[in-house]
Amino acid sequence: MSRPFPYTYISCPCADTPVPDPARKRRSREFPQKANPDAPGTDEKGTITEDEEEEQTFDPRSPRSNFSLYPPEQLLYCEDCHQIKCPRCITEEIVCWYCPNCLFETPSSMVRSEGNRCARNCFNCPICTAPLSVSTLENVTGNGSQQGPWVLSCGYCMWTTLDIGIKFDKPTNIRTQLSKMADSTSRGRQMSRSLGDLKSPLSNYASVDEQFSATEDGGPDQPTEPLGADARFAALKGFYRNQIAETSTSPNDPLGTDFAGGFASPGALNRIMSLYNSSSRLSSLYNKKPKSKPPVMREALTASEGLKIPVPGAEDAVVRRMASDECGWDGVASIEQRSFQPPDARFADDLLPLPVLLRTKRSKRCKSCKHILVKPEFKPQSTRFRIRLIALSYIPLATLRPLTISPPQPGYPTTAPTVPNLDSLPPLKPVQLLLTLKNHMFDPVRVTLATPSVTPGRVDTKVTILCPQLDVGANSDVWDEALQGTAPGEQRSSRSGAMGIGYEKVAEAGKVWDKGRNWTTVAIEVVPGTLPGSGRRASRANNDFNDSDNDDDDDSVDEKDLDWSGQSKDPNEKLQPDEDVLEIPIFVRMEWDSENQIEQPVSKSSDTVKRELAYWMVLGVGRISPDLEG
Amino acid sequence: MPPKAFKGEYIETDTGNKISRRAQIHGTQRIILGGKTVIQTDAVIRGDLYRSSSSHASSDDPAGAAPSPSVAITVGRYSYISKQAILRPPSRLHRGMHSYYPLKIGDHVFVGERAVVEAASVGNHVHVGKEAVIGGMAILKDFAVVLDGAVVPAGMVVPSWCVVGGRPARIVGEVGEGYGVEGADGGLARERYRLVGK
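Line by line, the protein sequences give chains F and Y.
According to the UniProt record's numbering, the first sequence is numbered sequentially starting from 1.
According to the UniProt record's numbering, the second sequence is numbered sequentially starting from 1.
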């Protein structure tokens, strides 16, 4: 619904299969069209349920449809399963990690050790998330020596690191410079040391000390030096790892090993799986008396272990600072800003530049047969694919465009065809649409289209596909098109010219509208229904739901009782959001003879095998206008 | 749907560019159109903002300097500049000098209505939504999509296949693998070109 009209969505049938059952998928691979061969041996039963399923028409408004409708370019096609694959029926594997800002690849070992953030000079603004740029403070004109201190500055909100009092000595390797500074900053804030003591080994820290005065007044005197946020996290992590290693009773204790292994998820799974095993620690605790006393884990006790005791009165200081005039609303960090910052950051002054999160390139596999569907090239900048099995190269590409208002209105001048405004389709006026199916396969395809004659939902739009059976030619050779010139374009333009002059071409039932080398156009006639609330509908008694909160003043408007979308509980005549959008579900069934593949030797003819594929497609035609006089 | 065309709204060049007579194009000698590019009514293309290499002796050494008639804007094939869009070469202060840099736009690019593009480079098959703003020296890689009304901050890099939106723009998603296939979403440039001026 976010797309401009007209649009096409294709429903992936995976939403109807409740549980991804690999055995079922394997069976359905052998019979690709059997939607539900659940009971082996009872074939008749299976076909009955299948028929029942096919009796149901697809409702684009049902809440489940949100999860199955995809724009066609997002769909993949598994050649092994002969099925459309949506993003939910695939698994992804990371091919490479790269920074979206500098587009450099980060090796996965480094991602594992350093975290998934760019280790170079790429930072996002902590205020507005725009990328920061490194710029010099000294605007030396002409003179080439730019040795001045460097800052990160945001070109969007004009924030610079000067606002938090950070300058850099050199324009490279800012991440390490910053992490050193961040440690020394937090240390400085808590210890309220003098500026001279704060200097990091690089002696590049220039503190604007006034900012911290509010938080500093309750200066603690802890014997050990408090750590910065990163260092504290590292200390805590190391502490807990040691604790587990010490307290684990046996070397094969699942908890101990997987924690030491760094929370790897297979290990965690292993722990859960073996939780109730006899060898597990828990069962040994409960079943038989432990031979030794179970060692007790303790929490961090000292600051060197990562313990942080807040300064007495710290909260008061924070509150006082928030209430003070110089802080104000803008001085307090918002929740979105704080969520990416160390937990102590409360004010805008505490926000540090964010290293850019890495992104990934991923290869995609079919979930059921594990075949690779998409494999991009490794280099981050490359846009090419080694393998790319997209659905668009298998299923016919459907494009919809409106024909002129038909039949020819007597008042209209025939030279200027009136193209219906898809954003406000007048109700009860027939509109003709042209649906073009373009075949990208090298085999000719026979397509059968089917649609419920009245669209589901409260708005009864009558839909007639004038030619529900059609053949689409093969995408034989690219050179044909080149040798024919711009054949489709010329034909299309002559067609539009013809229909502009007179309505020579009238859509006839049972005949295709137009046909090209690998495309076929059929006409669809649509009579948009009236919206509930726009009145003048054939009155139907609405006995049930007219009492409670019928607050709109529209009188004598009746609502259709029968509601397929489950929205009939709504008592009033108000439109549901996007209920005026006219979407036509169309069942597409395509048959073609494809060349036989090696893995399927049994077929009646030697070199071709009959294939078929069926799916629901939703055409978004337009919006129905509420008033009857369109 | 073709625009309401009166006779000869578009000038068609030898290479098939269709340029509206009502587009405001400045500095035409510094603009290169790759052919079959559409420039619609009231689009503003600022070819007059180019780097003046002769004004400063030191500024023509860097690699960005173009040959003597320095090109301000390059547009590839089948690109589409919608109504009231503004293409403006990016500029920045470099060693105290305010200088312009060339704006390169690739093939099959769509620039929506009232969009402002000040990018350093726009790749192929890029979609810039209507009323979007591409800040100075931004780089849009191939198959990037900028949603309607987004503000891409200056200097931002949008990687391939990424969808950005919001103010300031962030990466909000990715387009599917089929994006840019001829005839599908992102691959409608030829069709769009064909319908112009009909």
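Even glycine gets a Cβ: it sits at the ideal position worked out from N, Cα and C.
Contact residues of the segment 151 to 181 of chain F toward chain Y are C154, G155, Y156, C157 (C-beta to C-beta distance below 9 Å). For I134 (chain Y), there are no C-beta contacts with chain F under 9 Å, since the nearest C-beta of that chain is about 12 Å from it.
Around the beta carbon of W329 (chain F), fewer than 16 other beta carbons sit within 10 angstroms, so the residue counts as exposed.
Looking at the DSSP output, C154 (chain F) shares a beta bridge with F:L132. Non-local C-beta neighbours of V527 (chain F) in its own chain, meaning closer than 6 Å and more than five positions away in sequence, comprise P430, K462, ordered along the chain.
Residue environment: T172 (chain F) is assigned as exposed (fewer than 16 neighbouring CB atoms within 10 Å of its CB, all protein chains considered). The beta-carbon of Y179 (chain Y) is placed less than 8 Å from the nearest beta-carbon of chain F.
In the structure shown, N66 (chain F) adopts helical secondary structure according to DSSP, grouped into three states. Taking 8 Å as the cut-off, the beta carbon of P72 (chain F) is found closer than this to the beta carbon of A184 (chain Y).
Counting only Cβ-Cβ distances below 8 Å, G155 (chain Y) has contacts in chain F at P131, S133, G155, in chain order. Secondary structure of T464 (chain F) (DSSP, three-state): strand. For V71 (chain Y), there is no enclosing beta strand (DSSP E), as DSSP marks it with neither H nor E. Considered as a whole, the segment 297 to 383 of chain F harbours 314 to 323, 328 to 331, 335 to 338 as its complete alpha helix (DSSP H) runs of no fewer than 4 residues, in chain order. Taking a Cβ-Cβ cut-off of 7 Å, the neighbours of D185 (chain Y) in chain F comprise P71, E73, given in sequence order.
In this structure, DSSP gives P87 (chain F) a state outside helix and strand, which the three-state scheme calls coil. The C-beta of P100 (chain F) comes closer than 8 Å to at least one C-beta of chain Y. In the three-state reduction of the DSSP assignment, I395 (chain F) falls in the coil class. Straight through space, the alpha carbons of G106 (chain Y) and V126 (chain Y) are spaced by roughly 8 Å. When secondary structure is reduced to three states using DSSP, E191 (chain Y) falls in the helix class.
With respect to chain Y, the C-beta atom of R388 (chain F) has a partner C-beta closer than 8 Å. Each of F:R611, F:T608, F:R623, F:F587 was checked against the Cα of M617 (chain F), and the nearest Cα belongs to F:F587. For the C-beta of R365 (chain F), not a single chain Y residue is nearer than 9 Å; the gap to the nearest is close to 13 Å.
S99 (chain Y): not part of any alpha helix (DSSP H); member of the beta strand (DSSP E) spanning 97 to 100, first to last residue. Spatial neighbours of E305 (chain F) in its own chain (CB-CB distance under 8 Å, excluding positions within 5 residues in sequence) are listed in chain order as A235, L236, F239. Taking the C-beta atoms as reference points, K361 (chain F) is found no nearer than 8 Å to C86 (chain F). Classified as buried, M590 (chain F) has 16 or more neighbouring CB atoms from the shown chains inside 10 Å of its CB. For T455 (chain F), the number of other beta carbons within 10 angstroms of its own is at least 16, and it is reported as buried.
Within its own chain, the residues whose Cβ lies closer than 8 Å to the Cβ of I10 (chain F), once the five positions on either side in sequence are excluded, are L69, Y70, P71, P72, L75, I84, A391, I395, Y615, W616, M617, V618, listed in chain order. Residue environment: I127 (chain F) is assigned as buried (16 or more neighbouring CB atoms within 10 Å of its CB, all protein chains considered). Beta-bridge partners of P528 (chain F) (DSSP): none assigned.
Within the same chain, Cβ atoms closer than 6 Å to the Cβ of W161 (chain Y) are found at F143, E174, V175, the five residues on either side in sequence being excluded. In this structure, C154 (chain F) keeps its C-beta atom at 8 Å or more from the C-beta atom of P355 (chain F). Unbroken beta strand (DSSP E) stretches of 3 residues or longer found wholly inside the segment 118 to 181 of chain Y: 162 to 165, 170 to 174, given in chain order. P342 (chain F) has its alpha-carbon roughly 10 Å from the corresponding atom of A182 (chain F). Beta bridge pairing from DSSP links Y7 (chain F) with F:G620. Taking the Cα of E299 (chain F) as reference, the smallest distance to any Cα among F:M322, F:I244, F:S334 is reached at F:I244.
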